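J.:
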Amino acid sequence: MRRAAGTILSFRPLPLPFGNEALHPQRREIEKCPPPARTGATDRKTLRSTAKLSGVVNIASGVHAVEHSEDGKAQMKITLEGKVALVTGAGAGIGRGIAQAFSDLGADLVIAEIDPAKCAQLRADFPNAEVIETDVRDRAAVERVRDRTAARFGRLNVLVNNVGHHLNTFKTLDQMEDDEWDAQHDINLRHMFLVTRAMLPLMRKAGPGGSIINLSSIEGFRGCPYNVAYTTFKHAVTGFTRAMALELANDEIRVNLIAPETTDSEQVPLKHIIKPGMEEIANRMLPANRYGRPEDHAGAAVYLATDLSSWVTGSEMFVDGGSHNQNIFKRTPEGRWTVMGVVTGSASAAD
Ligand SMILES: NC(=O)c1ccc[n+]([C@@H]2O[C@H](COP(=O)([O-])OP(=O)(O)OC[C@H]3O[C@@H](n4cnc5c(N)ncnc54)[C@H](O)[C@@H]3O)[C@@H](O)[C@H]2O)c1
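Residue 350 is where the sequence shown ends in numbering that gives the first Met the number 0, and the numbering goes up by one at each step.
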């Protein structure tokens, strides 16, 4: 068929391949969901002009700016000023590291933490934060967090679903009780649904540029024996993250996950886990020559929270010292990579 120059072809949607599309249940359900309103365009325009005025480069919301010192050297300024961020389980470990970094960069913090003693410490350390004693597995408690966030800040820009635990259920599947499986689900997956669902209205109110960061695990990307439930629900965090990234795309809220390898925290205290004297060998099991620290994840969370990552959504960030990439390879004491890393005769990883 010949077309006149400039004619635009119009397309009709193709019929679904399943025959009678009107009856297909998935199509019916999808069509019942109202399309989320597009909130992005106008605000983006406003933000861009603000950016021009303030000398902010590149990024629409001005989250980072380049300044020049007197000697002409460029410095990037990263700030979370004007952003409201909720971190769950920020009383210890990775959550605490993320809360510290967000606070240092000027965010208004909301913290949902279960432990009353940690809440007291957090109030002392972050006097301006809204610290709320909360069990994120409890729907009513989560709704109280939403209401207090709304009352104090009226919106939410960043949500870090950090809570998660292996629960020390190191046993085979046939030894696992029903309530142990359910407990793993509650602490590693279900609360992400409860917290995210409760906070969405406040995130939409904040407008485009929001960010949801889910803490998964390297075990969400490999098989981990003796805790099948933890492995299963951490894998599910990937599905949750990817599907939510699409659902929230029209709101311009990005959804990503961080997958940590073993990181020193209250839950995973390295000094108790690694045998005394074995630290060097243990560290060399990872390409980056050490295990993780909470601040490693804080750096990743800052990247995902700001518009430094404005084109990143539905993705997985491995903060793992290279372990995911290393796969079966191990290092010999001489530093060579091998798939036979435990046949050196020295104290090995298998000890
Ligand atoms: N540390 C690691 O090696 C490691 C590895 C892979 C993944 N992760 C993941 O990273 C996240 C943080 O791990 P971490 O090691 O820093 O944890 P952590 O146990 O050291 O700290 C978790 C914090 O959450 C609080 N908390 C626990 N249950 C809660 C609840 N129901 N409601 C509110 N607060 C609660 C705790 O009191 C504590 O302050 C988790 O999702 C974990 O699965 C950690």
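Even glycine gets a Cβ: it sits at the ideal position worked out from N, Cα and C. Predicted model only: the values in this text are computed from it and were never measured.
Within the present structure, is the beta-carbon of E30 separated from the nearest heavy atom of ligand 2 by less than 7 Å?
T.: The model depicted lacks ligand 2 and carries ligand 1 instead.
J.: Check for me: the alpha helix (DSSP H) holding K270 runs from which residue to which?
T.: L269 to I272
J.: Got a sec: does ligand 1 put a non-hydrogen atom nearer than 7 Å to the Cβ of R136?
T.: Yes.
J.: In three-state terms, what does DSSP make of D263?
T.: In this structure, DSSP gives D263 a state outside helix and strand, which the three-state scheme calls coil.
J.: Less than 8 Å separating the beta-carbons of A258 and E176?
T.: no
J.: In this structure, what does DSSP give as the bridge partners for L158?
T.: L85 and I211
J.: Using only alpha-carbon positions, find the residue among F152, G105 and T312 that is nearest to K204.
T.: F152
J.: From A248 to T261, what distance separates their C-alpha atoms?
T.: So the two alpha carbons sit approximately 32 Å from each other.
J.: Which ranges would you report for the beta strand (DSSP E) in the region 119-160 if only whole runs of at least 3 residues count?
T.: 129-132 and 157-160
J.: Are there any heavy atoms of ligand 1 lying less than 7 Å away from the beta-carbon of H67, as far as the coordinates show?
T.: Between ligand 1 and the CB of H67, the shortest heavy atom gap is not smaller than 7 Å.
J.: Cutting at 6 Å between CB atoms, please list the residues of its own chain near D295, excluding the five before and the five after it.
T.: Taking D295 as the centre and dropping the five residues before and after it, the same chain places the C-beta of V318 closer than 6 Å to its C-beta, in chain order.
J.: Can you give the beta carbon distance from F232 to N187, rounded, assuming they're within the 8 Å contact cut?
T.: 4 Å
J.: At a cut-off of 7 Å, is I211 close to ligand 1 when judged by its beta-carbon and the heavy atoms of the ligand?
T.: no
J.: Helix, strand or coil for T49, going by three-state DSSP, please let me know.
T.: Since pLDDT at T49 reaches only 30, below the 50 mark, its modelled position is unreliable, and no value is offered.
J.: Could you tell me which uninterrupted alpha helix (DSSP H) segments, each at least 4 residues in length, are contained entirely in the region 217-301, listed from first to last along the chain?
T.: Runs of the alpha helix (DSSP H) lying entirely within the region 217-301 and spanning at least 4 residues, in chain order: 227-246, 269-272 and 278-282.
J.: If you run the structure through DSSP and keep just helix, strand and coil, what is K72?
T.: coil
J.: So, for R136: in the same chain, excluding its five sequence neighbours on each side, which residues have a beta-carbon less than 6 Å away from its beta-carbon?
T.: D185 and H190
J.: Put H323 into one of helix, strand or coil per three-state DSSP.
T.: helix
J.: Let me make sure I understand the geometry here. Which of P115, N127 and K76 has the alpha-carbon closest to that of Q99?
T.: N127
J.: Relative to ligand 1, is the shortest distance from any of its heavy atoms to the C-beta of V267 smaller than 7 Å?
T.: Flag set: Cβ of V267 near ligand 1.
J.: Looking at C-beta atoms only, is the number of pairs between the region 221-228 and the region 163-177 that lie closer than 8 Å three or more?
T.: yes
J.: Could you say which of A150, I212, M339 and G71 lies nearest to R253 if we only look at CA atoms?
T.: I212
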